[in-house]
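To keep things clear, I will list the structure first and then write my remarks on it.
Number of protein chains: 2
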Amino acid sequence: MKSRFCYSFSFLFLLVLYGGTAQGQSLQEYLKKKEKALLESYITFLSIPNVSTDTVNILKNAAYLEDLMADRGIKAELLTGTTPKVTPAVFGEIKTPGASKTIGFYAHYDGQPVNPKQWYAGVDPFKPVLITAPLESGGKILGPYKSGAEINPEWRLLGRGAADDKAGVMAILNAYQALVETGQRLGVNIKFLFEGEEEVGSIHLNEIFKKHKEKLKADCWVIIDGPRHVSGRKTIVYGVRGDVNIELTVYGAKRPLHSGNYGNWAPNPALKLAHLLASMKDEKGKVLVKGFYEDVTPLTASEKKALAQIPSQDALLKKELGIYASENPEQPLVEALMKPTLNINGMQSANVGAMASNVIPTKAVATLDLRLVKGNDYQRQVEKVIAHVKSRGYHVLTQEPTEAERAKYPNLAKIEIEHGYNAQRTPMDLPIAKTIQAALQSTSKESLVLIPSMGGSLPLYLFEEILGTKVITVPIVNYDNNQHAENENVKIKFLWEGIESIAAIMQMK
Amino acid sequence: MKSRFCYSFSFLFLLVLYGGTAQGQSLQEYLKKKEKALLESYITFLSIPNVSTDTVNILKNAAYLEDLMADRGIKAELLTGTTPKVTPAVFGEIKTPGASKTIGFYAHYDGQPVNPKQWYAGVDPFKPVLITAPLESGGKILGPYKSGAEINPEWRLLGRGAADDKAGVMAILNAYQALVETGQRLGVNIKFLFEGEEEVGSIHLNEIFKKHKEKLKADCWVIIDGPRHVSGRKTIVYGVRGDVNIELTVYGAKRPLHSGNYGNWAPNPALKLAHLLASMKDEKGKVLVKGFYEDVTPLTASEKKALAQIPSQDALLKKELGIYASENPEQPLVEALMKPTLNINGMQSANVGAMASNVIPTKAVATLDLRLVKGNDYQRQVEKVIAHVKSRGYHVLTQEPTEAERAKYPNLAKIEIEHGYNAQRTPMDLPIAKTIQAALQSTSKESLVLIPSMGGSLPLYLFEEILGTKVITVPIVNYDNNQHAENENVKIKFLWEGIESIAAIMQMK
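As they're listed, the protein sequences go chains A and B. Take 1 as the starting number for the first sequence in UniProt numbering and just add one per residue. Take 1 as the starting number for the second sequence in UniProt numbering and just add one per residue.
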């Protein structure tokens, strides 16, 4: 019996591994056959603008997802929290007879803001086009996909959300459909959750979780978001950093001044901001804000081991990104990502280039983001930055300065905090974590890259704190996808491989 | 004989002083009677967009000026240099029988770029509106001037060029017309020169001067540009600072990076720029670039005396501008303006505010202007800045970095220089300078403010070097005119007073 069982087990395992099906069609064969239809459907999805704050279009995305799910026989439900009129998360559920585990799959359908002028000339971020490769690397724009045309899996699809994170939504729904259509068995109960406010800090996810706690229970939520390791190897990530944004504004005169008539006399807010930012972080990237690196939870032995095994891609990355050195050449990327950061996302004062004029600006603004690791608290971290600004002689405001404040304080800084959240890390040794690892490994000849925490941020602490559920992230897109920026793109073969990865997890027992 | 002569002279002087005319109509009476027509005509002029680089509209301005001059019996001539197809300067000439001196009057009809989004809501910079006062000071927008409506001289006309420097053009032409229409005698031959490229550094004025050297000869060119002293008193300026602009760009990775995945590892160009700018100028406004304050020609005894007599408006200005202190509280404005400066006009890296996203920007740009005083050479001053950037470990480029340069140098800075020019200063004791001073003083009960050099810049060295002619500046507009910036405006009474000032100079002998 034992030997027969083992044989059966091995046979099933091989079926999964090589994608054998009752109909004799492997997942790869299925995907190859359906790739044109899958790409066309994905382009339709990407063509619905999805900037988180564009509520009208966001709701169109949610409605489109309901249709996609209905096509697959999944009854979609729009989950909201207690705040009225907010963007819904789209939920669905599949029960698998005999399954002992429930795995949730999460992705988000909203995207970052777009500034079309910054994208490749002539490209509308919401009218996806194919490119052979990024134009900076010698690629060219092929234009919109023509129905029925051959697809080179090395090409990329360019558009907002193409990688972050409609790719996740697309891969989850199509992995399920692929298993159904090729007649393969599911191993687990499946829950689907597609959020529409991730890029604005998942501001209502806590409400949704609290309100639908029972519905959202699972043995593990698998997050399909973020990029695979730079090596291109399949990747599991066990944690995320927290994140909080700060908008810092410093002030000069109330009105713009002629730089000839007042220069070298009236304070220049751009110079003030330069001094303030320079005081926050040295030229080697070390944050100089007092206590900034305190509170950090040390890494476990497994995490240290995993970090040491991550293939270093620093040299490749530097070449690819066109940089001579990292901020601190002694610190490899994998180590840098395990620390809290302070980063300037953007900076503006009056105008530059053709729009510049000989003025002293009235104010200078920097948008900062603080990434947080396990142990950091986002509010405490922000307080440290505020204390730093004060220590530089600034009176800190939360609103535009009044006349009285202007008359009283030599240095005025407005600090606005956007919603933030803390880091989350799942132990790598948990049984469910190991099962997922094995399932994913079965789809790849190369060994997986196991990352204790990604550099990016998702509000995964909510899964742990409210649902009491572990979380593991399986990123599927290419690392050089320009997520959050202009010319966001996904390499097409990563979509197909992502579908395979998710299908394997859906089949595990 | 002597006494009779003296009597005649005094009589004539009084005529000038009180604006008596053959028709018995004073200049003030004339202006009061004609103010509605003058304002309407000025609004028509301001409604022709005049951004220096907008060639199509710039030529419309030139054509409009030809018409204005023809209306006044002045034969206009479009002067160009040797470069083909460039913006012409509009020239005209009036010979006065018996006059021994020729005075040229210069103003410019082009303006700085506009970013309408930065102007008061709903205002088109080229559709002038009346305001009761700046909105920051509690003023309100009255809307477009309605033909025939009463005019409060304390109101302001808002629009690009309203102060800088269509006000100069308007006042010169209407001063001449006022003298003709009130039947008053001219004392000097008059030349008119209206330039269309001042705001882009008067890039062809040298060619125009060389080509039309004889035509443009005069005993003195009077420049009508810039603001009167903050005290509101009528002002003469004997010099200008030179100016040169630098656009400084520093680089990060070739593509925008997710701040979570690469933050604290990939170099952040916004931070690099902050450090670089902070290294150039300390927090008290002292420029730290090596040798920056060398080369400066010391002030003469007359200049020092004049500076000491300029009423200090520092306290008033600080209040009005909403600043607690100047950059260096020990240095009054009049002293600061006699030194070379380095000023940040604008700064930009990726986006801030609603457009911000969690990226590491690819580059950061600052537009700087260097103001120069007598003794400085603009090329030498720029070289000092370049040497400073190099001393901070930067490889300095004049174009975007190549792949090879990115691979070779840790720090890359592109430095682009815009056309610059040197300072100019006319000795205050010259006879022609004293005559103009007396004429202007005759129009004001308050004593004039005499300024050895204004803070702003005009390419006045060309008048001296090419034409061999002295230059004196008589600014006419209110100091708080927002020139070069959004919400540029002129206080209406300054237009009428400007016309009176210029008329007095046209009547001097």
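Using N, Cα and C, we set each Cβ at its ideal position, and we do this for glycine too.
Determine, using beta carbons only, whether residue i comes closer than 8 Å to chain B.
| i | result |
| --- | --- |
| A162/A | no |
| Y109/A | no |
| K210/A | no |
| M347/A | yes |
| Q483/A | yes |
| P410/A | yes |
| I246/A | no |
| Y324/A | yes |
| V389/A | no |
Between the options, which has its C-alpha nearest residue i's C-alpha?
| i | options | result |
| --- | --- | --- |
| P401/A | K254/A, K290/A, T435/A | K254/A |
| D71/A | G92/A, A306/A, T53/A, E335/A | G92/A |
| G81/B | F126/B, K211/B, R241/B, G196/B | K211/B |
| Q331/A | S349/A, V352/A, L307/A | L307/A |
| K414/B | L397/B, G468/B, E405/B | L397/B |
| K166/B | S100/B, G98/B, S137/B, S47/B | S47/B |
| Y409/B | H419/B, K390/B, I417/B | K390/B |
| K127/B | N487/B, I502/B, E497/B | N487/B |
| T362/B | F494/A, Q118/A, Y42/A | Q118/A |
| N115/B | E199/B, R160/B, E327/B | R160/B |
| A62/A | T182/A, Y109/A, T102/A | Y109/A |
| T87/B | Q184/B, D67/B, G196/B | G196/B |
| K281/B | G263/A, L27/A, V289/A | G263/A |
| K445/B | G232/B, S41/B, A175/B, K470/B | G232/B |
| L450/B | H204/B, T426/B, L277/B, G468/B | T426/B |
| E403/B | I94/A, E403/A, E383/A, L321/A | L321/A |
| A163/A | P329/A, S501/A, Q441/A, D480/A | D480/A |
| W221/A | S52/A, T102/A, V490/A, L79/A | T102/A |
| I323/B | V334/A, A89/A, E405/A | E405/A |
Is residue i helix, strand or coil by DSSP?
| i | result |
| --- | --- |
| V373/A | coil |
| W221/B | strand |
| T426/A | coil |
| K390/B | helix |
| A364/A | strand |
| S457/B | strand |
| W496/B | helix |
| K318/B | helix |
| S501/B | helix |
| Y378/B | helix |
| F105/B | strand |
| P227/A | strand |
| Y479/B | coil |
| G196/B | coil |
| V490/A | strand |
| F463/A | helix |
How about residue i: is its C-beta nearer than 8 Å to some C-beta of chain A?
| i | result |
| --- | --- |
| S10/B | Residue confidence for S10/B is low, a pLDDT of 36 falling below 50, so the modelled location carries little weight; the figure read from the coordinates is stated next. False, the Cβ-Cβ gap to chain A never drops below 8 Å. |
| Q23/B | Residue confidence for Q23/B is low, a pLDDT of 49 falling below 50, so the modelled location carries little weight; the figure read from the coordinates is stated next. So, not an interface residue. |
| R241/B | yes |
| T367/B | yes |
| S147/B | no |
| K491/B | no |
| K101/B | no |
| Q28/B | no |
Quick one: list the residues of chain C neighbouring residue i, beta-carbon separation under 7 Å, in chain order.
| i | result |
| --- | --- |
| T341/B | Within the model displayed, chain C is absent; protein chains A and B are what it includes. |
Open item on the list: With a threshold of 8 Å, are at least 3 pairs of Cβ atoms found where one atom belongs to the region 448 to 457 of chain A and the other to the region 273 to 281 of chain A?
Closed with: no
Open item on the list: Count Cβ pairs between the region 282 to 298 of chain B and the region 326 to 341 of chain B that sit closer than 8 Å; are there 3 or more?
Closed with: yes
- [ ] Mind the definition here: the region 298 to 314 of chain A touches the region 315 to 332 of chain B only if three or more C-beta pairs lie below 8 Å; say whether that holds.
- [x] no
- [ ] Specify whether the region 475 to 492 of chain A and the region 23 to 43 of chain B touch according to this definition: at least 3 beta carbon pairs, one from each stretch, less than 8 Å apart.
- [x] no
Open item on the list: So within the region 42 to 82 of chain A, which uninterrupted beta strand (DSSP E) runs reach at least 3 residues, ignoring any that extend past its ends?
Closed with: 77 to 79
Open item on the list: Does the region 223 to 233 of chain A come into contact with the region 131 to 145 of chain A, if we say contact requires no fewer than three beta-carbon pairs (one atom in each stretch) closer than 8 Å?
Closed with: no
Task: Start-end ranges of the beta strand (DSSP E) lying completely within the region 133 to 191 of chain A, minimum 3 residues - done: 141 to 143, 156 to 158
Open item on the list: Does the structure place the region 416 to 427 of chain B close enough to the region 228 to 247 of chain B that three or more beta carbon pairs sit under 8 Å?
Closed with: yes
Open item on the list: Under 8 Å, with one C-beta from each stretch per pair, do the region 435 to 445 of chain A and the region 229 to 241 of chain B reach the 3-pair mark?
Closed with: no
Open item on the list: Three Cβ pairs or more, each shorter than 8 Å: is that satisfied between the region 173 to 191 of chain B and the region 494 to 509 of chain B?
Closed with: yes
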